[in-house]
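In the UniProt record's numbering, the protein residues as written are 1 to 222.
Let me begin by presenting the structure, written as structure tokens, before commenting on it.
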Ligand SMILES: [Zn+2]
Ligand SMILES: [Zn+2]
């Protein structure tokens, strides 16, 4: 996508995004503000690669990044809006910080990244699972998701709104916006002798729509 930002000093900005096939042109008028601020806020600016395992400097639009994740990072791709995922780690007590390979889900014509990480929360080792939406924040608000983990009659459930990939995985993690599991509980849920992490996380993504009377109706995917 070529991005042309035409500053109209004091009158306003006209932002024209030419799509790849040049058949459609999106135009928005913005109030005047500095070019640098504009470039940081522009909704047509490219996205950074959401891969969390290592620093990756690739940027682009969402379809480009989906291909990049699949081809260059060998990320697991799934279709559908329910999932059942197992995270395994031997000797979990020796690892304080870890990032598992992310999984990409394709549903409602959109892409979502499921993250799973281990880190220290204060002095306590924890695991965290969360979802990021491959698109901007406004669109992300149309979706909800739930994550569930449990065993032996205990269960933890998280329900939230996916964060936009505009927010780094680090930022989401630091704001604790996801399913946080203390290591003790995670090993309890793993069963066995608590020597190995074997966590089964189930989840669901749905779309929220509003009926004319303001009632929220979850849309189930077919
Ligand atoms: Zn712009
Ligand atoms: Zn990348």
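The beta-carbon is built from N, C-alpha and C at its ideal position, and this holds for glycine as well.
Source: prediction; values computed, not measured.
Query, Result
"Collapsed DSSP secondary structure at residue 72 in the structure displayed", "helix"
"Classification of residue 41 by the beta-carbon crowding that lies within 10 angstroms, buried from 16 upward", "exposed"
"Counted within 10 angstroms of its Cβ, other Cβ atoms place residue 63 as buried (16 or more) or exposed", "exposed"
"Neighbour-count burial assignment, residue 52, 16 or more Cβ in a 10 Å radius", "buried"
"Of the residues 77, 189, 109 and 99, the one placed nearest residue 151, counting alpha carbons only", "189"
"Opposing strand residues paired with residue 202 [DSSP bridges]", "84 and 148"
"Buried or exposed (CB count within 10 angstroms, at least 16 for buried), residue 9", "With a pLDDT of only 38 at residue 9, under the threshold of 50, the placement of this residue in the model should not be trusted; the figure read from the coordinates follows. Looking at its Cβ environment, which holds fewer than 16 other Cβ atoms inside 10 Å, residue 9 is exposed."
"Meets three-Cβ-pair contact criterion under 8 Å: the stretch 72-83 and the stretch 124-137", "no"
"Whole-angstrom C-beta distance between residue 179 and residue 129, which should lie under 8 Å", "5 Å"
"Three-way DSSP call (helix, strand, coil) for residue 21 in this model", "Confidence is the limiting factor: at residue 21 the pLDDT is only 49, short of 50, which leaves the residue's position unreliable, though a coordinate-based value still follows. Residue state, collapsed to three classes: coil."
"Cβ shell of residue 240 (< 6 Å), same chain only, five flanking positions each side left out", "Nothing about residue 240 can be read from this structure; the chain reaches only from 1 to 222."
"Bridge-paired residues (DSSP) for residue 117", "99 and 128"
"Opening and closing residue of the beta strand (DSSP E) in which residue 156 lies", "154-160"
"Nearest-angstrom beta carbon gap, residue 172 and residue 50 [assumed within contact, 8 Å]", "Wrong, their Cβ atoms sit about 11 Å apart, outside the cutoff."
"CB contact flag (residue 147, residue 205, <8 Å)", "no"
"Buried/exposed call for residue 118, threshold 16 Cβ in 10 Å", "buried"
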